[in-house]
Each structure stands twice: as structure tokens, then as C-alpha cells.
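One line per chain: the protein sequences are H and D, in this order. Each residue of the first sequence is one higher than the one before, starting from 5 at the first, in the working numbering. Each residue of the second sequence is one higher than the one before, starting from 3 at the first, in the working numbering. Using N, Cα and C, we set each Cβ at its ideal position, and we do this for glycine too.
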Amino acid sequence: MKNPLTTASGTSGYAFEYGDFVDLRLLGAFVTKSITLHPRKGNAPPRIIETRAGMLNAIGLANVGLEAFVAEKVPQLREMGLPVFVNVAGTAIDDYCQVARRLNEVDVVRGLELNISCPNVKEGGISFGTDCGQVAGITSAIRAAAPDKVLVVKLSPNVTDIAATAAAAVDAGADALSLVNTFTAMAVDVDRRRPMLSNGNGGLSGPAIRPIAVYMVHRVYSQVARKHNIPIMGMGGIQTARDALEFLIAGATALSVGTALFVDPTAPVKILDGLADYCRRHNLSALREVIGSLQFPEPGKGYKSTYA
Amino acid sequence: MSATTHPRGLFDAQVISNRQICREHFRLVLSVKDFPAAAPGQFVQLGCRDPHAPPDEPDEHEWIDADDPGLRTRSLVAPTPLLRRPFSLAGAEPDPQRPGCTLLEIIHRVVGLGTARLAGLREGDAIDLLGPLGNGFPLPRAGQRAVLVGGGVGIPPMIYLARALGAADVGGVAVCGVTTADLLPLTWADGVAADPQGLPTRCIREFADFGIDAVVASDDGSVGVPGRVTVALQRVLDHLALPAGDVVVYTCGPERMMRAVTEMSQARGLTTWVCMERSMACGMGTCQSCVCRVNDKSSDDGWRYRLVCTDGPVFDGRVLIWD
Ligand SMILES: Cc1cc2nc3c(=O)[nH]c(=O)nc-3n(C[C@H](O)[C@H](O)[C@H](O)COP(=O)(O)OP(=O)(O)OC[C@H]3O[C@@H](n4cnc5c(N)ncnc54)[C@H](O)[C@@H]3O)c2cc1C
Ligand SMILES: Cc1cc2nc3c(=O)[nH]c(=O)nc-3n(C[C@H](O)[C@H](O)[C@H](O)COP(=O)(O)O)c2cc1C
Ligand code: FES
């Protein structure tokens with residue numbers, strides 16, 4: 005990757021949907037919408053609702069399915085000239101493996117991002133992403149199904165300790181981790197006393213989740229990723245270069261921009277400019293120097309006072 | 003219809019004027035440099051921030067729910083809309099004062115946070131927008147007559163359509179439905195009243211200027227034909243008494259209204275173009291939030307979802323499945 009900026013899965017389509025708005029070639033990598041074995045229509049509308057500083061979505065993994073993706077979208081991805089990560093989702097381990105095996109043969113695909121964290125994907129009532137045994141099981145199955153691809157496991161934030169699922173994924177063969185996916189959440193129509201989304205609950209994204217996402221990235225970095233030398237793709241509410249820096253300093257190596265693209269498709273390019281500017285101001289020879297550079301001064305010392 | 007191939011982009015806009023035109027509607031005129039050619043039925047995604055609010059400064063704010071003014075709350079920080087809000091173009095024409103600029107007209111009703119912010123815009127303010135988005139209405143063939151059926155906030159795209167019909171020298175009738183007289187976001191032509199029986203007259207300036215007659219209907223009977231817009235539409239179609247191939251119906255408004263309009267015009271064999279509305283996050287075809295159902299024989303269960311933002315918002319009434 006020539007720079008750390010990528011699109012977040014599900015927020016930039018399959019390839020060139022943002023074509024007119026932004027030159028995606030300026031980014032470091034492209035991450036596709038989740039692809040499943042068979043086409044999925046997705047949930048009935050309304051599928052989104054805005055909440056304070058965020059939004060809920062329950063798209064329901066609507067996508068064209070593996071075969072149409074390979075036939076129609078892969079040729080477009082080839083033109084993009086960027087490392088491509090295909091986000092893979094499913095409802096059973098076998099589905100995931102079939103998709104992974106097929107994509108393992110597609111040259112333009114650099115890696116797979118394993119979506120085990122979609123609130124709507126369930127097996128035996130337990131989401132794949134919240135149980136360490138299941139995380140390990142599916143990660144090693146995909147590792148075997150797609151031996152030639154970089155395997156990124158996208159972690160669910162809907163867990164008590166994200167370091168535990170992160171460790172399970174790394175032990176089972178993940179090359180990288182991405183976090184966070186959306187937080188399961190709900191908004192209520194107070195007049196009709198029913199959920200705002202047809203699906204009932206949805207996933208919260210946007211600036212509202214950023215501080216939690218930064219914390220989770222730091223926790224995974226300090227507990228798991230640093231010692232295994234596993235890169236983290238950090239995301240959750242990134243809108244500006246300052247937001248991006250928080251993630252980098254907390255331990256992320258790459259960054260994905262999701263919800264912010266809906267408001268400004270050029271946001272990642274603006275973030276890149278802001279990062280370059282930061283490097284200049286802080287005399288850094290490479291952005292790499294800030295990754296995981298978070299320091300904890302002694303209690304009471306060295307903190308910036310809001311009232312200074 | 004295929005996905006749009008016109009250039010689209012993110013543009014800075016300057017507020018030229020923002021005037022309240024009836025109880026809850028505002029007409030916002032923006033000047034935008036290098037805006038691509040647009041067509042009636044297309045829309046823009048406006049960033050709804052308050053340019054007069056101090057940036058990032060907590061500000062105690064009385065927040066009044068637009069739907070339920072009884073719900074008053076004090077909140078420490080004024081809520082700011084995150085996502086853009088979609089609005090149909092009510093007009094797009096070259097800016098006579100600023101070379102290379104386009105004047106975009108938007109008519110919006112204050113219903114919530116974002117539209118309340120738009121209502122506060124003043125001349126000279128800067129906002130930004132994505133556009134032009136979606137596909138416009140196919141225009142009638144020469145010799146055909148257009149019937150424009152707009153309800154409430156579905157009226158604005160009809161104003162732009164009337165302008166295009168005028169330029170193409172196609173005649174027509176606009177049928178405008180509102181709940182009550184002071185929610186009519188249109189201007190009365192001097193000395194011409196709406197006919198209470200539903201006879202088309204040159205009563206609305208926005209339509210009369212382009213040679214289009216108009217009929218107004220109100221749910222409470224406070225103006226024009228009493229009752230739903232379909233009551234007036236039926237009278238207009240009876241009055242026109244033209245063969246099916248000579249009339250094209252265009253509609254935009256609440257979904258229940260568009261469904262009734264489509265069913266009525268299809269029963270008469272008329273081509274009907276429907277401008278759909280859905281809650282949207284992106285407006286650019288990436289988030290998959292804005293789906294509506296259409297017939298699809300190749301699908302197992304006979305239907306599939308299409309995106310209102312890029313496959314629409316204008317759909318052929320024959321393909322839509324009403325929920
Ligand atoms: C293609 C397209 C074209 C459009 N063209 C136009 C146009 O030309 N003119 C126009 O005026 N509009 C138009 N609209 C509609 C316009 O986009 C919406 O009115 C606008 O997005 C509302 O934004 P808001 O922030 O003001 O309201 P929001 O704050 O988003 O609220 C919307 C409604 O939901 C209610 N609501 C919110 N939260 C709750 C809750 N918890 N419980 C109960 N109720 C709640 C609000 O009170 C309000 O009535 C168009 C829409 C589309 C998709
Ligand atoms: C509309 C929408 C659709 C999404 N679809 C997917 C998806 O298909 N697969 C996936 O792994 N994550 C999906 N996500 C989650 C994002 O990739 C990302 O993890 C999350 O939104 C947090 O980043 P953000 O706050 O920058 O949006 C989706 C998010 C949104 C808002
Ligand atoms: S609004 Fe995002 S796909 Fe239509």
C-alpha cells in the first residue's frame with residue numbers, strides 16, 4: 005500500500021460508484037462491499053436512520069453474490085490499479101469457504117477481509133465474531149481455503165473484551181486485523197413507538213463511535229498485535245486527519261473511512277493532505293513513526309489542561 | 003434506465019436568497035460554479051450545517067421537535083446533522099450575474115433538524131452540495147400533453163419540469179395537492195383564481211410562465227378543489243379527453259398519493275413517470291439504503307430492489323411494486 009488510507013467495506017460499493025466524485029487511485033487500497041455466496045436482496049427499507057453524530061444501518065448484506073461479482077465487478081477492480089481487499093460474509097462456514105476458494109483464484113484480489121462481525125450474520129444463534137472458538141474456527145477454515153491471499157479478520161466491537169477475539173483470530177492465522185465494525189444499536193420512533201429501522205436494530209457508525217473505536221484499536225494493539233507484529237486497519241468515525249492520527253497513534257497501521265464518505269467522498273484525500281502536513285510540522289520522515297506511539301505520562305503529569 | 007453517466011461532483015455553493023414562501027416552505031436559491039447540466043427530476047444532497055453557529059463551541063440550545071412542538075428540551079450542544087439531505091431541483095439555469103455559474107432553486111419544507119438549519123441560511127452564506135444526482139424525467143414526444151401531479155414537497159420537481167416543457171414547447175396541466183391553503187409553496191398569478199371544480203387555469207405563476215395551466219386541490223377544502231389530488235386529477239383527465247397515447251403523467255409526492263395517481267393513470271393506459279423518495283445516506287449509489295421494489299421476471303420471486311438514488315429517482319410506473 006502506497007499510503008494508509010482505504011475505503012471501509014459497504015461504504016464505497018464494489019468499484020467505481022464514486023467514480024465522478026473522487027479519484028480512488030489516490031488511496032492506498034480499496035475494500036469492497038461484503039460479498040456472499042449467493043446474491044442477497046437485503047432488508048426492507050428503511051435501512052438507515054441518522055442519530056446524533058452517527059447513523060444506524062441495517063442493509064442486510066445486500067449484494068450481487070459471488071458469481072456476478074467475479075463476472076461484472078472484478079474487471080472494473082482490475083482497472084483501479086490498487087490493492088483490492090474483498091470483504092467476505094456468509095451465514096455458515098461452508099459459504100465463507102466457497103467464496104474464499106473462488107476468490108483465491110482471482111489475481112487482482114490482494115486479500116480477503118473476513119466479515120464475522122455483521123450484526124445480521126448468525127449461526128446457531130451466536131454471531132461468528134463474538135465467540136473466540138468460532139472466530140478461531142472460521143479464521144483457520146478461510147486461511148486454508150485462500151492460502152494465497154492476505155487474510156484480514158474484521159472484528160466485532162460487540163464483545164466484552166476485543167483483545168480475546170483478536171488473539172483468537174491471530175492464533176488461527178490472520179495476517180491482519182480490522183476494527184471496528186458497527187455497534188449493534190436501536191433508534192425508536194417515539195410517535196409510533198416502534199423501531200425506526202424495518203430490521204429493528206442496526207449498526208451504529210460515524211463520529212459517535214470514534215472514541216470507543218480508538219480505545220479498542222489501542223487495546224488490540226497493546227495486548228495482541230504489537231507482539232505478533234500484526235498490522236491493524238483502524239476505523240470508526242474517521243472524518244479528519246486529526247481523527248486518523250488518533251487511530252495511528254493508538255496503534256493502527258492503516259485506516260478505513262466509511263460513513264464520512266457519504267458526506268464527502270473526497271474525505272480520504274483530504275485526510276492524506278492533512279497527514280502529510282502533520283509530518284512536516286512534527287519533523288517526521290515517515291508517518292510510520294507515529295504508529296503505536298501513544299505514551300502514558302505519570303498520573304497527573306504532562307496532561308494538557310483544557311483550562312490552561 | 004441505466005445508472006447515470008453524467009458528470010457529478012461535490013460543489014461549493016453561495017446562497018443568493020432564501021425566502022419563506024408559505025407557512026413551512028422556503029425557496030432557496032444557490033449559485034454554483036461549473037455545475038454540470040441538470041434535468042428535472044434530478045436532485046442534490048445539501049450539507050445542512052448552520053454557518054452562523056460558532057464551530058465546536060458548546061451552546062445551550064432549546065431544541066423543539068418539529069413534529070411535536072410540545073417536545074421541548076434543553077440540550078447543551080445544538081444537534082448538527084451528520085448526513086446530507088436530498089432535495090429535488092426546482093430549477094437550474096445559467097446565473098445571469100455570475101459567468102460560468104448556475105442558479106439552483108430548491109424548495110424545502112422545515113420538518114426536522116436539517117431543514118431547520120437550511121431555513122437559517124442567509125444571502126452570501128456558503129454551503130456545499132453533491133449533484134446533480136439521479137436520472138431526470140423523460141420528456142414527452144412532440145404533440146403529447148403532460149400532466150404534472152405534485153403533492154406537498156413533491157411539487158418542486160414539477161416546477162423545474164414545467165420550465166423544461168416550456169422550452170420544448172409541450173403543453174400541459176399541473177395538478178397540485180396540499181393539505182391546506184397555507185402549505186402551498188407556489189405563487190398565485192395576478193387576478194387568476196384556482197377553479198374549485200378542477201378546470202385548469204393559468205392560476206399559478208410558476209406554471210403559467212411556461213404556458214402550463216394548473217389545478218389546486220386541498221385536503222381540507224381551504225383552496226381549489228376540496229379533497230385529494232386524485233379527485234382533481236380525475237377531473238383534469240376527463241376534461242382533457244385525449245387518447246391514451248397523447249398524455250404522459252408525471253408524479254412526485256407522498257407514496258400513497260403517487261400510488262393512487264399511478265393506478266388511476268394506468269387504468270386509463272397512460273404512461274406514468276414516478277419520482278420516488280427514500281431515506282438516503284449517500285445519494286451516490288454506494289450505501290444501498292434507498293431501495294424500492296420493482297418487477298423482475300428473471301428473479302425467483304418476481305421482484306428485486308433498485309436504488310432510488312442512482313437507478314431512479316424517476317421510475318416507470320409499470321415497474322414499481324407498491325408496499
Ligand atoms: C430524491 C428526494 C427528493 C426530495 N426533494 C425534496 C424537496 O424538493 N423538498 C423538500 O422539502 N423535501 C424533499 N425531500 C425530503 C427531504 O429530503 C427531507 O424532508 C429531509 O431529509 C428532512 O431532513 P430533516 O433533517 O429536516 O428531518 P429529519 O430530522 O431527518 O426528520 C425527518 C422526520 O422524521 C421525524 N423524526 C425524526 N426522529 C424521530 C423520532 N425519534 N421519532 C419520531 N419522529 C422522528 C422528524 O420530526 C421529521 O418529521 C426529498 C427527498 C428525496 C429522497
Ligand atoms: C451503510 C453501511 C454499510 C456497511 N456495510 C458493511 C459490509 O457490508 N461489510 C462490513 O464488513 N462492514 C460494513 N459496514 C461497516 C463499515 O465498514 C465500518 O466498519 C463502520 O461503518 C465503522 O466506520 P465508519 O464510522 O467510518 O463508518 C457498513 C457501514 C455502513 C455505514
Ligand atoms: S442513498 Fe446510498 S445507495 Fe442510494
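Sorted by chain position, which residues of the same chain lie with C-beta nearer than 6 Å to residue i's C-beta, five sequence neighbours on each side aside?
i              : result
K126 (chain H) : Caution is warranted here: a pLDDT of 47 is assigned to K126 (chain H), below 50, making its placement in the model unreliable, and no coordinate value can be reported.
L85 (chain D)  : A283
F162 (chain D) : What sits at residue 162 (chain D) in the sequence shown is Tyr, not Phe. If we look at Y162 (chain D) and ignore the five residues flanking it on each side, its Cβ neighbours are P42, L91, A92 and G93.
V250 (chain D) : P142, Q146, A148 and T273
G240 (chain H) : V184, I213, R214 and A217
Indicate whether residue i and residue j have their beta-carbon atoms separated by less than 8 Å.
i              : j              : result
L242 (chain D) : E26 (chain D)  : no
A217 (chain H) : G238 (chain H) : yes
D268 (chain H) : L135 (chain D) : no
P42 (chain D)  : A166 (chain D) : yes
D179 (chain H) : N108 (chain H) : no
A191 (chain D) : P202 (chain D) : no
V221 (chain H) : G255 (chain H) : yes
L31 (chain H)  : L9 (chain H)   : yes
R100 (chain D) : S33 (chain D)  : yes
N350 (chain H) : A93 (chain H)  : No answer is possible for residue 350 (chain H): it lies beyond the span of chain H, which begins at 5 and ends at 312.
G64 (chain H)  : P43 (chain H)  : no
I157 (chain D) : L30 (chain D)  : no
L259 (chain H) : Y282 (chain H) : no
W275 (chain D) : G247 (chain D) : no
R87 (chain D)  : C50 (chain D)  : yes
I242 (chain H) : V273 (chain H) : no
F28 (chain D)  : L120 (chain D) : yes
Short of 8 Å in beta carbon distance, which residues of its chain neighbour residue i, apart from the five on each side in sequence? Order them along the chain.
i              : result
R198 (chain H) : V192
T270 (chain H) : F25 and V26
G304 (chain D) : N297 and D298
S291 (chain D) : R280, S281, M282, A283 and C284
G177 (chain H) : T143, S144, R147 and L155
R56 (chain H)  : A212
G128 (chain H) : The predicted position of G128 (chain H) is uncertain, since its pLDDT is 39 and thus under 50; no value can be drawn from it.
A189 (chain H) : T55, L60, N205, G206, G207 and L208
F34 (chain H)  : T10, T11, S16, A19, L28, L81, M84, L86, P87, V88 and F89
L132 (chain D) : R10, G11, L12, F13, V46, Q47, R86, G285 and M286
D168 (chain D) : What sits at residue 168 (chain D) in the sequence shown is Gly, not Asp. Counting only Cβ-Cβ distances below 8 Å, and skipping sequence neighbours, we find D211, F212, G213 and I214.
Short of 7 Å in beta carbon distance, which residues of its chain neighbour residue i, apart from the five on each side in sequence? Order them along the chain.
i              : result
M266 (chain D) : T232, L235 and Q236
R295 (chain D) : W305, Y307, I323 and D325
A167 (chain H) : R223, V224, Q227 and V228
A164 (chain D) : L150, A176, E208, F209, F212 and I214
E21 (chain H)  : none
R29 (chain H)  : M84, G85 and L86
I52 (chain H)  : M59, L60 and N61
N203 (chain H) : N47, A62 and G64
E302 (chain H) : none
Per DSSP, residue i is paired with what?
i              : result
G238 (chain H) : H:L183 and H:L259
W275 (chain D) : D:Y252 and D:D318
Q227 (chain H) : Paired residues: none, contrary to the question.
Does at least one heavy atom of ligand 4 sit under 7 Å from the Cβ of residue i?
i              : result
I216 (chain H) : This structure simply doesn't include ligand 4; it includes ligand 1, ligand 2 and ligand 3 instead.
For the segment 255-267 of chain D, list every residue whose C-beta sits within 9 Å of some C-beta in chain H, in sequence order. none
Near-chain H residues of the segment 287-298 of chain D - C-beta to any C-beta below 8 Å: G287, T288, C289, Q290, S291, C292, V293 and C294
Return the chain-ordered ranges of every alpha helix (DSSP H) run that is complete within the segment 91-116 of chain H and spans a minimum of 4 residues. 97-108
Chain D contacts made by the segment 21-33 of chain H, where a contact means CB separation under 7 Å: E21, Y22, D24 and F25
Under 8 Å (Cβ pairs) to chain D, residues found in the segment 258-287 of chain H: T263, L265, F266, V267, D268, P269 and T270
Considering only residues of the segment 286-322 of chain D, which uninterrupted beta strand (DSSP E) runs meet the minimum length of 3 residues and lie entirely inside it, listed in chain order? 293-297, 305-309 and 316-318
Under 7 Å (Cβ pairs) to chain D, residues found in the segment 65-85 of chain H: A66
For the segment 269-286 of chain D, which residues have a CB atom closer than 9 Å to at least one CB atom of chain H, in sequence order? R280, S281, M282, A283, C284, G285 and M286
Of the residues that make up the segment 11-32 of chain D, which ones have a beta carbon closer than 7 Å to any beta carbon in chain H? G11 and L12
Just by C-beta distance, which residues in the segment 43-55 of chain H are closer than 8 Å to chain D? K45, G46, A48, P49, P50, R51, I52, I53 and E54
Quick one, which residues of the segment 77-98 of chain D are near chain H if we go by CB-CB under 8 Å, in chain order? P81, T82, P83, L84, L85 and R86
Could you name each continuous beta strand (DSSP E) segment of 3 residues or more that falls completely within the segment 84-170 of chain D, going from the start of the chain to the end? 87-90, 93-96, 103-111, 128-135 and 147-153
Curious, which full-length beta strand (DSSP E) runs of at least 3 residues does the segment 22-96 of chain H contain? 52-55, 58-61 and 88-92
Mind listing which residues of the segment 304-315 of chain D have their C-beta closer than 7 Å to chain H's C-betas, in chain order? R306 and Y307
Members of the segment 123-143 of chain D near chain H, C-beta cut-off 9 Å: D130 and L132
Every unbroken beta strand (DSSP E) within the segment 143-183 of chain H, with a cutoff of 3 residues, ordered by chain: 154-158 and 180-183
Give me the subset of the segment 207-236 of chain D whose CB atoms are less than 8 Å from a CB atom of chain H, sorted by chain position. none
Which runs of the alpha helix (DSSP H) spanning at least 4 residues fall entirely within the segment 268-296 of chain H, listed in chain order? 271-285
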